[in-house]
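Asks:
There are 2 protein chains.
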Amino acid sequence: MSLPQPVSDLTAHLGFWLRIVSNHVSQAFAAKLAAREVTVAEWSLMRVLYGREPMAPSRLAEEMGLTRGAITRLADRLIAKSLILREASAADGRAQTLALTDRGSALVPHLAALADRNDAEFFDDLSLAERETLERLLKSLAQRSHMSATPIA
Amino acid sequence: MSLPQPVSDLTAHLGFWLRIVSNHVSQAFAAKLAAREVTVAEWSLMRVLYGREPMAPSRLAEEMGLTRGAITRLADRLIAKSLILREASAADGRAQTLALTDRGSALVPHLAALADRNDAEFFDDLSLAERETLERLLKSLAQRSHMSATPIA
DNA sequence: TGCATTCAGTTGACTAGGAAATTATATCCG
DNA sequence: CGGATATAATTTCCTAGTCAACTGAATGCA
Chain H
1 MSLPQPVSDL TAHLGFWLRI VSNHVSQAFA AKLAAREVTV AEWSLMRVLY
51 GREPMAPSRL AEEMGLTRGA ITRLADRLIA KSLILREASA ADGRAQTLAL
101 TDRGSALVPH LAALADRNDA EFFDDLSLAE RETLERLLKS LAQRSHMSAT
151 PIA
Chain A
1 MSLPQPVSDL TAHLGFWLRI VSNHVSQAFA AKLAAREVTV AEWSLMRVLY
51 GREPMAPSRL AEEMGLTRGA ITRLADRLIA KSLILREASA ADGRAQTLAL
101 TDRGSALVPH LAALADRNDA EFFDDLSLAE RETLERLLKS LAQRSHMSAT
151 PIA
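Note that the protein sequences, when read in sequence, are chains H and A.
Per my numbering, the very first residue in the first sequence carries number 1; after that it's consecutive.
Per my numbering, the very first residue in the second sequence carries number 1; after that it's consecutive.
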């Protein structure tokens, strides 16, 4: 039975700290959205639809970084809450379109305000310069690795 | 039917960029671990046990930020892979302890090397100064909001 | 002592996502 | 034209969490 060899500490990784902070910010946001009975994924889909033409599920899947199967079910939930509508495409018998209902559209600004508030809550006591630096570094990392897609999970 | 009022852009939020980058880093790590047939949660549990005394599931739950139910199931999977052992506590008839098997213990350094490599892959083309800044900002955010617990999700 | 309460862990019901199979429609081309 | 192939969405099955109910053991106090 050999003694364990030393391995790098978890906290040595930037990825570790990134995940801690990101998870906390997201969970705090989820808690705020819960007051409106909306999940982060639901908010995200609604935000993509907001102010745009009715959109194919496949396009939403692409923009949100989810599978089409996930979009089908997410849409089902939002339809059940009367926040979006699904309609068959006139042009293509296979295609569907998703669009916000009036109720859904009216809700988005309120949810956006929660997003603003959540961001402020975590980042407002960084200095302006620090916030700018953080944003610059994150965007540069995102660009380098060709990260796209609205992140959900 | 009213026109949608302008709402803040998604990409205006630091939380958005944080989540994008964090998700990508985590997914890349998950892909590396998959080669060893281990998930991020499994790695995380093994890393907590590594080099320590057998530990109660409830303690792991606390350190990892998961429920006890989640630990029960996560432990079941690791036991099925012969990476950890579950034993009844001698002192307390309700209690169990979890510990790495020799096989599990031997695997940890290899997984830690994957973690090192993953972190390097994403962050090594930031300058040293930039990495230090990012680490400082993330740690300061974590501290301010009393974030603890190994993040999994 | 003995019964209520607390505590550790597990389990069942549920949520939410992915991968792959499935269904229905559209397109391409011989 | 009509069959092969491609495409859009959905569905099925699987994984992995949560919450809350449950089981059995320990504790506490009348």
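Every residue, glycine too, gets a C-beta built ideally from N, C-alpha and C.
Remember, predicted model here, so these are calculated numbers, not experimental data.
Hey, out of R136/H, D102/H, N118/H, whose CA is closest to A30/H's CA?
Replies: N118/H
Asks: If you scan the stretch 14 to 94 of chain A from start to end, which runs of the beta strand (DSSP E) of 3 or more residues do you find wholly inside it?
Replies: 84 to 88
Asks: Excluding five sequence neighbours on each side, which residues of the same chain lie with their C-beta closer than 8 Å to the C-beta of M55/A?
Replies: V48, L49, T97, L98, A99
Asks: Any idea which residues DSSP pairs D99/A with across the strands?
Replies: In the sequence on display, residue 99/A carries Ala and not Asp. According to DSSP, A99/A bridges with L85/A.
Asks: Does A90/H pass the burial test, meaning 16 or more other C-beta atoms within 10 Å, or should it be called exposed?
Replies: exposed
Asks: Within the 8 Å Cβ cut-off, does A156/H reach chain A?
Replies: As displayed, chain H neither begins before 1 nor continues past 153, which places residue 156/H out of reach and without an answer.
Asks: Using the C-alpha atoms, what's the distance from A112/H back to S22/A?
Replies: In this model, S22/A and A112/H are separated by some 22 Å (Cα to Cα).
Asks: What does T133/A touch in chain H if you count any residue whose Cβ is under 8 Å from its own?
Replies: T133, L137
Asks: Assuming S140/H is part of the alpha helix (DSSP H), what are its boundary residues?
Replies: 128 to 144
Asks: I need the straight-line Cα distance from R94/A to A88/A, nearest angstrom please.
Replies: 8 Å
Asks: With 8 Å as the threshold, decide whether the Cβ of P54/A is near any Cβ in chain H.
Replies: So no, P54/A is outside the interface.
Asks: Using beta carbons (cut-off 8 Å, strictly below), is Q183/A in contact with chain H?
Replies: Because chain A is modelled from 1 through 153, residue 183/A falls outside the range shown and cannot be assessed.
Asks: Could one say the Cβ of I20/H lies closer than 8 Å to chain A's Cβ atoms, at least one of them?
Replies: yes
Asks: From Q143/H to L137/A, what does the alpha carbon distance come to, in whole angstroms?
Replies: 20 Å
Asks: Can you say whether H146/H is buried or exposed, counting buried as having 16 or more other CB atoms within 10 angstroms of its CB?
Replies: Flag for H146/H reads exposed.
Asks: Quick check: is the beta carbon of A30/H nearer than 8 Å to any beta carbon in chain A?
Replies: Closer than 8 Å: no.
Asks: Could you check what DSSP says for D125/A in three-state terms: helix, strand or coil?
Replies: coil
Asks: Determine, using beta carbons only, whether R144/H comes closer than 8 Å to chain A.
Replies: yes
Asks: Within 10 angstroms of its Cβ, does A75/A collect 16 or more other Cβ (buried), or is it exposed?
Replies: buried
Asks: With a cut-off of 8 Å, does the C-beta of V38/A fall near any C-beta of chain H?
Replies: V38/A is outside the set of residues whose beta carbon lies under 8 Å from a beta carbon in chain H.
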